[in-house]
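One structure is given here, and the rest of the page talks about it.
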Amino acid sequence: MKEEVLLELIGRIPEKNFGKIYNFEKFFDEKIGYYGIKSKENSSVSGIILFNINSTELEIFDDYEDEGIYYSKNKTICYDLKENSYESFVYIRI
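Going by our numbering, the sequence shown opens with residue 1417, and the numbers climb by one from there.
This is the structure we're talking about:
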């Protein structure tokens, strides 16, 4: 998520780091005109890990991502560039 979007949504730039999730792939969804991710064995998606997100901020992200309409929020494990693992949420295209 771009810094200007983070500022608009939650009013701050949280701590962040480059990361990766496995067994997902990125794709362009023609139906809604945005990129999304979906499950796919032996694939990976690179992105940004956001740290110290509180429950109110997570609800704001859910609303922004149309959770339950276009995307489903799922727990997964993500990895930083040093392969440290973190429990995280990802939004999967429904």
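Cβ coordinates follow ideal geometry from the N, Cα and C atoms, glycine included. Everything numeric in this text was worked out from a predicted model, so none of it was measured.
For this session: Report whether the distance from the Cβ of residue 1495 to the nearest heavy atom of the ligand ZN is below 7 Å.
Result: The ligand ZN is not part of the structure shown, which contains no ligands of any sort.
Problem set entry | Reference residue 1459; option with closest CA among 1441, 1450, 1433, 1507 | 1441
For this session: Assign residue 1481 to one of two classes, buried (16 or more other C-beta atoms within 10 Å of its C-beta) or exposed (fewer than that).
Result: buried
Problem set entry | Extent of the continuous alpha helix (DSSP H) to which residue 1481 belongs | Per DSSP, residue 1481 belongs to no alpha helix (DSSP H) and is neither H nor E.
For this session: Using alpha carbons as the reference points, say which of 1485, 1490, 1502, 1489 lies closest to residue 1398.
Result: Absent from the model: residue 1398. The displayed extent of the chain is 1417 to 1510, so no value can be given.
For this session: For residue 1503, name the three-state secondary structure that DSSP assigns.
Result: strand
Problem set entry | Cβ-Cβ distance between residue 1443 and residue 1450 below 8 Å | Against a cut-off of 8 Å, the Cβ pair of residue 1450 and residue 1443 comes out as no contact.
For this session: Flag this pair as yes or no: are the beta carbons of residue 1495 and residue 1456 separated by less than 8 Å?
Result: Cβ distance not < 8 Å, so residue 1495 and residue 1456 don't count as in contact.
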